[in-house]
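A quick write-up on the structure given underneath.
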Amino acid sequence: MATADSSVILSAPIVPTLRKMTIPMIFGMIFLMLFNLVDTFFISMLGTEPLAAISFTFPVTFTVISLAIGLGIGTSAVIATALGAQSTNQARFDGGVALVISAVMVLALSAVGYLFTEEIFLLLGAKAHLIEIIEQYMHIWFLASVLLVTPMIGNAVLRANGDTKTPSIVMGCSGLVNAILDPILIFGFGPIDAMGVQGAAIASAISWILGVAAILYILTRQRNLVTLRCPSQSFAVATRKILKIGLPAAGANMLTPIAMAVMTAIVANFGAPAVAAFGVGSRIESIASLVVLALSMTLPPFISQNFGAGKHERVRSAYQQTLKFVMVWQFAIYLLLLMVAPFIAAAFADEQQVSDLIQLFIYVLPLSYGLQGVIILTNSSFNAIHKPMNALILSIVRLFVFYVPIAYLGSLLADLTGLFVGAALGNLFTAVIAYYWFSRGLQCTEVKTQELTP
1330 MATADSSVIL SAPIVPTLRK MTIPMIFGMI FLMLFNLVDT FFISMLGTEP LAAISFTFPV
1390 TFTVISLAIG LGIGTSAVIA TALGAQSTNQ ARFDGGVALV ISAVMVLALS AVGYLFTEEI
1450 FLLLGAKAHL IEIIEQYMHI WFLASVLLVT PMIGNAVLRA NGDTKTPSIV MGCSGLVNAI
1510 LDPILIFGFG PIDAMGVQGA AIASAISWIL GVAAILYILT RQRNLVTLRC PSQSFAVATR
1570 KILKIGLPAA GANMLTPIAM AVMTAIVANF GAPAVAAFGV GSRIESIASL VVLALSMTLP
1630 PFISQNFGAG KHERVRSAYQ QTLKFVMVWQ FAIYLLLLMV APFIAAAFAD EQQVSDLIQL
1690 FIYVLPLSYG LQGVIILTNS SFNAIHKPMN ALILSIVRLF VFYVPIAYLG SLLADLTGLF
1750 VGAALGNLFT AVIAYYWFSR GLQCTEVKTQ ELTP
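Numbers in my numbering are just positions in the sequence shown, counted from 1, shifted up by 1329.
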């Protein structure tokens, strides 16, 4: 099992340790991203309108997922820091509390979404004739959302303990189940009637149920990594620790779908084909950035444990070496996307206009994915050293000072081409700020530690 215990994380060579932790996560992320891409692919076969309808759901579903991601970040940071300080029982209790509060909070947010589905999507710019399709998908998705959050938090507990193989297996199995069920439920098979977009939502819910069963068995019966009993800490104290990091992290993550909603509304001005192409492009972005996303899950536990043990130089080295790798890797991915762009467009679009716009997206925006990786990893590193407000501010600056405003200005000057170029420039400006801010903040932390050391 790809488990990196505290002694390895705190003392072993940095690059091999991060590589050992990250490679299993990459395979898990491939299946997780294919989970969403498979949905998009099969729904695209229903026509442009269903594809456009589902594209409108991305910002909303990602808002709920962002809350779960934020709580997972808080969970991982708190547990990993406790493990670095050799407080094992406290770490187990933090994990149990995280599972409970995340389920409650996601249920509350999804309930609001369920009750106001029509109003939300009309505000996002969806046309009235698309609302019925959107509701068919989202009503089931909202009801099943708690089944999504539990495996996400459970995986955060495992990663905080240095185990990245098990989360990748859980994610991979869920993605495989979804891929098998999608065409059966969307188009029908044998005695099963075709359900359209509703079938895609049901397929997701079934795959999440299996994920919940697997993760709870692993955490409680197999590994004994969570508990709701701890004589040295109350439920309220553990909740405050997790939410202190988790809520700002969730807020930072929620800004992304809010910005995506604004971007979708801007793109909607160019018609349904543009929205459909933008939705496909967003899914491509997830796949193209999967190594960055995997690192954003494995770098924070490494940083948190070393930060908790006072090993700041290992934190700095891990951060810098990871960013160098990401810049080179993402440029190679961009070159690959340039070569396969026509084939990707043909796979996801029947209409020539949609195909052309998908290729336009690929030619421009992925060039900045390395810079976007710098931003993502800096955000996760801020959370790992318990500076969640820095991560939140960085997200605000990126999305609402640079990304959206410059993209909007670009759309006014050069239509969709200008929008994509503007978004790429937003990533550039924010990446520069992110790198110098984290490096400076870590240096200040080191100086304060040295001053307090006798």
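Don't be surprised by glycine CBs; every beta carbon is placed ideally from N, CA and C.
- Here F1767 is buried, its C-beta having at least 16 other C-beta atoms within 10 Å.
- At a Cβ-Cβ threshold of 9 angstroms, G1504 and V1367 count as neighbours.
- Judged by their CB atoms, I1463 and A1455 are nearer to each other than the 9 angstroms cut-off.
- Judged by pairs of C-beta atoms under 8 angstroms, the region 1391–1406 touches the region 1578–1591, as three or more such pairs exist.
- Taking C-beta atoms as the reference points, I1571 and I1430 count as a pair closer than 9 angstroms.
- Fully contained in the region 1403–1451 are the following alpha helix (DSSP H) runs of length 4 or more, in chain order: 1417–1444.
- DSSP, reduced to helix, strand and coil, places I1714 outside both helices and strands of the structure shown, so it counts as coil.
- The region 1656–1733 is shown to contain whole alpha helix (DSSP H) runs of 4 or more residues at 1681–1693, 1698–1713, 1717–1725, in chain order.
- The DSSP-derived three-state label of D1492 is strand.
- Sequence-distant Cβ neighbours of A1647 in its own chain, meaning closer than 7 angstroms and more than five residues away, are I1343, L1347, L1628, F1631, I1632.
- If you ignore the 5 residues before and after Q1682, its C-beta comes within less than 6 angstroms of the C-beta of P1602, all in its own chain and listed in chain order.
- Cβ-Cβ separation between L1694 and F1749: approximately 5 angstroms, consistent with a contact (criterion under 8 angstroms).
- Contact between the region 1707–1722 and the region 1658–1670 is absent: fewer than 3 CB-CB pairs across the two stretches fall below 8 angstroms.
- Contact between L1545 and G1483 holds: their C-beta atoms lie close to 7 angstroms from each other, under 8 angstroms.
- The region 1590–1604 and the region 1404–1421 do not touch, with fewer than 3 CB-CB distances between them shorter than 8 angstroms.
- Nearest in C-alpha terms to I1613, of all of F1677, F1731, V1730, L1452, is F1677.
- For T1627, the enclosing alpha helix (DSSP H) begins and ends at 1619–1637.
- Assignment of F1391 by DSSP, reduced to helix, strand and coil, places it in the helix class.
- In this structure G1424 is in contact with L1554, their Cβ atoms being roughly 6 angstroms apart against a cut-off of 8 angstroms.
- Taking G1610 as the centre and dropping the five residues before and after it, the same chain places the C-beta of F1690 closer than 6 angstroms to its C-beta, in chain order.
- For I1535, the enclosing alpha helix (DSSP H) stretches over residues 1526–1546.
- Note: I1521 is bridge-paired with F1518 in the DSSP secondary-structure output.
- Excluding its 5 nearest sequence neighbours in each direction, I1705 has C-beta neighbours in its own chain below 6 angstroms: V1621, S1625, listed in chain order.
- Counting only residues of its own chain and dropping the five nearest sequence neighbours on each side, V1596 has a CB closer than 6 angstroms to the CB of A1603, V1604, F1607.
- Under the 8 angstroms Cβ criterion, the region 1529–1544 counts as touching the region 1505–1521, having at least three qualifying pairs.
- Taking each of L1452, A1397, A1457 in turn and checking the Cα distance to M1434, the smallest one comes out for A1397.
- Sequence-distant partners of T1351 (beyond 5 residues in either direction) whose C-beta falls short of 6 angstroms from its own C-beta, in its chain, are A1623, L1624, T1627.
- For the pair L1459 and A1381, the CB atoms are nearer than the 9 angstroms cut-off.
- Just measuring C-alpha positions, the residue of A1567, R1727, L1453 sitting nearest N1598 is L1453.
- In the structure shown, T1556 adopts coil according to DSSP, grouped into three states.
- Shortest Cα-Cα distance from E1461 to any of A1489, Y1765, M1583, G1525 involves G1525.
- Its Cα nearest to that of F1385, the residue Y1466 stands out among T1651, Y1732, Y1466, F1672.
- The C-alpha of S1405 is placed about 17 angstroms away from the C-alpha of L1557.
- Remark: C-beta atoms of L1652 and G1702 approach each other more closely than 9 angstroms.
- In summary, I1338 is buried, with 16 or more beta-carbon neighbours lying within 10 Å of its beta-carbon over all protein chains present.
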